[in-house]
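A short write-up of the structure that comes next.
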Amino acid sequence: MECEICGKPVPENNPIRAKIEGSVMIVCKECSKLGKVQKTPPKPKFVKQNKNKRPKTTRNKVYSRNEEPSEELVEDFSIKVRKAREGKGWSREDLGKKINERVSVINRIETGKMTPDIKLTKKLENTLGIKLLEKVDNIDLNQFISNSSGERTLGNIMKIKRK
Numbered sequence: 006m007e008c009e010i011c012g013k014p015v016p017e018n019n020p021i022r023a024k025i026e027g028s029v030m031i032v033c034k035e036c037s038k039l040g041k042v043q044k045t046p047p048k049p050k051f052v053k054q055n056k057n058k059r060p061k062t063t064r065n066k067v068y069s070r071n072e073e074p075s076e077e078l079v080e081d082f083s084i085k086v087r088k089a090r091e092g093k094g095w096s097r098e099d100l101g102k103k104i105n106e107r108v109s110v111i112n113r114i115e116t117g118k119m120t121p122d123i124k125l126t127k128k129l130e131n132t133l134g135i136k137l138l139e140k141v142d143n144i145d146l147n148q149f150i151s152n153s154s155g156e157r158t159l160g161n162i163m164k165i166k167r168k
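Numbered per the numbering used here, the sequence shown spans residues 6 to 168.
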């Protein structure tokens, strides 16, 4: 077992789980100082199995490496939406009626307080005649591998700010 940050070996009989930046990871002793060490969860003593119930299935879409979304919202989407709306001489109310959305939604999008989902982005693109989605190139993460085992870790990809 390896540290999920730096890639150093972690003892399998006593791994250290630490919450770092909101994520619980298995880390080495040195990297555990970057977050808060978590207690190991107690193992259940007895699990009752009910044969009549079906196992729960998750409905969340899990993307494989090849199925990752290839389009991403442009950074200055709020400015583009506002300029396109003003260019057509429409008020926020007019745009809201045309795409069947509330004025408050249009207001939050134009101020950048809300990021529209894909469906709403496509409605805005079609109605305003602008491009809000751009193609995203996949980054080859293999170029960041530098540890001895050849596996990707967070430490290979990002810089760690030590306190």
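We put the CB at the ideal spot given by N, CA and C, even for glycine. These numbers were taken from a predicted model, which means no experiment stands behind them.
Suppose the cutoff is 6 Å on Cβ atoms and the five residues either side in sequence are ignored; what does the same chain contact list for residue i look like?
i	result
Lys13	Cys33
Phe82	Leu137
Ala89	Leu133 and Ile135
Ile104	Lys128 and Thr132
With respect to the beta strand (DSSP E) encompassing residue i, which residues constitute its N-terminal and C-terminal limits?
i	result
Arg22	Ile21 to Ile25
Lys124	It is not in any beta strand (DSSP E) - Lys124 instead sits in the alpha helix (DSSP H) that spans Ile123 to Leu133.
Ile31	Ser28 to Val32
Lys140	Leu138 to Lys140
Glu76	Glu76 to Leu78
Give me the Cβ distance between residue i and residue j, rounded to the nearest whole Å; I'm assuming they're in contact under 8 Å.
i	j	result
Leu137	Leu78	6 Å
Val15	Ile31	6 Å
Ile25	Leu39	5 Å
I need the boundaries of the alpha helix (DSSP H) containing residue i, first residue and last residue.
i	result
Glu91	Phe82 to Gly92
Ser37	Ser37 -> no alpha helix (DSSP H), and no H or E assigned at all.
If you draw a straight line from the alpha carbon of residue i to that of residue j, how long is it in whole angstroms?
i	j	result
Gly94	Asn112	16 Å
Ser109	Thr126	16 Å
Glu91	Ser75	30 Å
Val29	Lys118	29 Å
Glu106	Ile84	18 Å
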